[in-house]
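In UniProt numbering, the protein residues as written are 1 to 459.
Just so it is clear, CB atoms sit at the ideal spot from N, CA and C, and this is done for glycine as well.
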């Protein structure tokens, strides 16, 4: 066995080592990152020889964020360090491809109709031709095509659709901004200027619900991953950190040594479960019910049975919990707008400014709601709990319980049992500028009723 690997000619020169020396030769080092979906944006040093990426190396010069936190490096993953293989892979898509059935129809139509739009409409108006290329979907059959030809085909299809149905019938997706802001902006800007519909990339691959951006204003994790190290209880759900947050996972591993407890809620024993103190294998499809139960416990133990000042202040300052809702026909209605009351009747953008119930002053208008964002006077769009007119501090009530004018039985939908439930909600009455007496409740009281948190109220 040794004969076939024995270097017979000039063994002292060890020429076989040249392969390894050449492997790591390079002309220059380039600092870059990988614009992939993980959004890690890790810093990499790429070594280039004759314009070709030869190998990659994790950068190790990250500055420290703050004292007490572990360093960022090593930051990177296996996908990153092998990214150059993807660059030069023989199966990487480098050119446009079109379905062969559609391409044949298009070229035939172009011979008969020099106008590209007329050619496209000739295909669409013939049900047999439409069926021919539509039935070919999902069966392969792609052929390489030039950029000029495929762009002409796409443009013709868009123009034809706009002429016949209007621009709002052109619906499209762009890559997520984290992958490439340029490619994302190109598609979304085109659709916006056209009058089309630029759909969310979440709709594209069903990655995340829209609730998180709608509630928090940001996409999912809004804190820095290093902040995980400051936590002492971490709940992981809907995320497999080892795979999707690979460069940041070390913070989770390290915080275990700092005393944190980690719980993973996942139907499968995912990779991140190996770090966990508790793995709770919830059944698929029951995660919504699980977290509603968690919410019920939080509301009951920290807001009903006892009040935690930090939590109360947080809800008053950063959420819509203290805002007032009009009660109409036994059901919660819309937010009470500022210009519904005489004292704010002339308020600029009054229909986009909301009201809360101050402990001492009754219904008052805080700054910070959307009407202040677009008014002429600037500087009032903030989260200060104060009257934007006078600067007086405001102390909003989360609940009207104890100072209510009446307790009304309101109707709530129980979607789990397809029933309508009657639950008591404390309300106050306000008189609008038209003289109408309207019952109002806080979002917090309606939330407690929706969750069925017992507070001694009827229903």
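Check, Outcome
"Chain-order list of residues whose beta-carbon lies under 8 angstroms from that of residue 448 (same chain, five-residue window excluded)", "299, 303, 304, 399, 455"
"Proximity below 8 angstroms, CB of residue 341 to CB of residue 354", "no"
"Supposed close pair residue 276, residue 294 - CB separation, criterion 8 angstroms", "The pair is not a contact, with the Cβ atoms about 17 angstroms apart (cut-off 8 angstroms)."
"Cα-Cα separation, residue 110 to residue 183", "30 angstroms"
"Pair within 8 angstroms by beta-carbon distance, residue 440 and residue 370", "no"
"Any 3 or more C-beta pairs closer than 8 angstroms across the stretch 92 to 112 and the stretch 122 to 140", "yes"
"Cβ-Cβ separation, residue 444 to residue 321 (assumed contact under 8 angstroms), whole Å", "4 angstroms"
"Residue range of the alpha helix (DSSP H) that includes residue 83", "83 to 87"
"Under 8 angstroms between C-beta atoms of residue 83 and residue 108", "no"
"Residue 409 beta carbon less than 8 angstroms from that of residue 424", "yes"
"Assigned secondary structure, residue 323 (DSSP; H/G/I helix, E/B strand, else coil)", "strand"
"N-terminal and C-terminal residue of the alpha helix (DSSP H) that residue 310 is part of", "309 to 318"
"Cβ contact (3+ pairs, closer than 8 angstroms) linking the stretch 239 to 254 and the stretch 64 to 78", "yes"
"Alpha carbon of residue 478 to alpha carbon of residue 235, nearest angstrom", "There is no way to answer for residue 478, as the model of the chain reaches only from 1 to 459."
"Helix, strand or coil at residue 1 [DSSP, three-state]", "Interpretation of residue 1 is limited by its pLDDT of 43, a score under 50 that renders its predicted location unreliable; the figure taken from the coordinates is listed afterwards. Three-state DSSP puts residue 1 in coil, outside helix and strand."
"8 angstroms Cβ shell around residue 442 - same chain, five flanking residues per side excluded", "321, 322, 323, 324, 325, 356, 357, 397, 398, 399, 400"
"Other residues of its chain near residue 1: CB distance less than 8 angstroms, five sequence neighbours each side excluded", "At residue 1 the pLDDT is 43, less than 50, meaning the model places this residue with poor confidence; the figure from the coordinates comes in the next sentence. Cβ neighbours of residue 1 beyond the five flanking positions: none."
"Unbroken stretches of the alpha helix (DSSP H), 4 residues or longer, contained in the stretch 128 to 201", "147 to 165, 181 to 194"
"Endpoints, the alpha helix (DSSP H) within which residue 116 is located", "116 to 124"
"Assumed close pair residue 40, residue 58 - CB separation to whole angstroms, cut-off 8 angstroms", "Not quite, the Cβ-Cβ distance comes to about 11 angstroms (not below 8 angstroms), so this is no contact."
"Residue environment, residue 95, which counts as buried when at least 16 other CB atoms sit within 10 Å", "exposed"
"Proximity to residue 53 [Cα-Cα], best of 61, 452, 44", "44"
"Any alpha helix (DSSP H) of 4 or more consecutive residues that is wholly inside the stretch 246 to 288", "249 to 257"
"Inter-stretch contact (C-beta, 8 angstroms, three-pair minimum) for the stretch 364 to 383 and the stretch 427 to 437", "no"
"Per-residue burial, residue 285 [other beta carbons within 10 Å of its own, 16 or more giving buried]", "exposed"
"7 angstroms CB neighbourhood of residue 192 in its chain, flanking five on each side removed", "198"
"Inside the stretch 331 to 376 only - alpha helix (DSSP H) runs reaching at least 4 residues", "370 to 373"
"Residue 360 to residue 402 span [Cα, whole Å]", "14 angstroms"
"Three-state class that DSSP yields for residue 420 in the structure shown", "strand"
"Same chain only: Cβ atoms within 8 angstroms of residue 411, ignoring 5 sequence neighbours per side", "330, 331, 420, 421, 422"
"Pair within 8 angstroms by beta-carbon distance, residue 260 and residue 231", "yes"
"Residue 24 in three-state terms, based on DSSP", "coil"
"Proximity to residue 49 [Cα-Cα], best of 30, 66, 67, 65", "30"
"Continuous alpha helix (DSSP H) stretch holding residue 108: start and end", "100 to 112"
"Cα-Cα separation, residue 238 to residue 228", "17 angstroms"
"Residues near residue 450 by beta carbon distance below 7 angstroms, same chain, minus five either side", "412"
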